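Quick note: the sequence shown uses full-length UniProt numbering, first residue 1, plus one each step.
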Amino acid sequence: MNSQSPSLAMARALALLAPLAMLAGAYAFQYAGGLHPCEMCWWQRYAHFAAIPLALIAYGVRGRACISGLFAGFAGIAVGISGLIGLFHAGVEYGWWEGLTTCSTSPSGGSAADMLNQIMASPITRCDVAAWKMFGISMAGYNGLLSSVAALAILALLLKARKA
């Protein structure tokens with residue numbers, strides 16, 4: 001694998017830009033659109049949170065192609081995990097299978113009265129109801145599709161770089 005490979009450079013860029021874009025969209029919907037994430041939404045975000053430092057490490061060691069490719073690959077896997085969680089979440093929203101069956105509100109502590117007040121003040125966000133759809137596809141569905149495609153593209157670019 002050549003550190004100057006255009007495929008490796010594109011894989012690194014996609015490994016960083018895909019999770020940044022997905023998280024920017026999620027936070028825009030949350031803070032500008034008022035759509036609070038459910039527990040499964042957070043799971044999707046956690047995988048993107050993991051992908052970003054892995055992609056940054058890939059950039060940091062870009063002079064060492066094999067190590068850079070390895071970390072870009074790890075980032076791609078993390079993006080893919082978010083995609084798979086998104087597809088699972090979309091299936092829950094469409095009623096194809098069952099998702100969480102417990103409450104996902106997590107009080108942060110304090111007295112029993114404080115915790116009860118925190119729970120009661122938290123917005124109720126169900127994992128089995130899509131808060132937003134476009135063309136019949138929910139945010140979880142879009143994350144599932146876009147993240148899965150990005151992950152496959154990252155891994156394909158890395159395979160191409162390896163053969164070069």
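Backbone N, C-alpha and C define an ideal beta-carbon position, used for all residues, glycine too. Model, not experiment: these values are computed from the prediction.
Exercise. Can you name, in chain order, every residue of its own chain whose Cβ lies under 7 Å from the Cβ of Ala51, other than the five neighbours on each side?
Worked result: Ala15, Pro19, Ala75, Ala78, Val79
Exercise. CA-CA distance, Gly95 and Gln4?
Worked result: 47 Å
For this session: With a floor of 4 residues, list each alpha helix (DSSP H) that falls wholly inside the stretch 48 to 87, ordered by position along the chain.
Result: none
Problem set entry | Range of the contiguous alpha helix (DSSP H) that encloses Gln30 | 6 to 31
For this session: Report all residues from its chain with a CB closer than 6 Å to the CB of Ile154; omit the five preceding and five following residues, and keep chain order.
Result: Ala11, Leu14, Ala15, Gly76
Exercise. Taking buried to mean at least 16 other C-beta atoms within 10 Å of its own C-beta, is Cys66 buried or exposed?
Worked result: exposed
Exercise. Is it right to say Glu93 is buried, meaning 16 or more other beta carbons lie within 10 angstroms of its own, or is it exposed?
Worked result: buried
Exercise. Looking only at C-alpha atoms, which of Met139, Ala161, Leu17, Cys38 sits nearest to Gly99?
Worked result: Cys38
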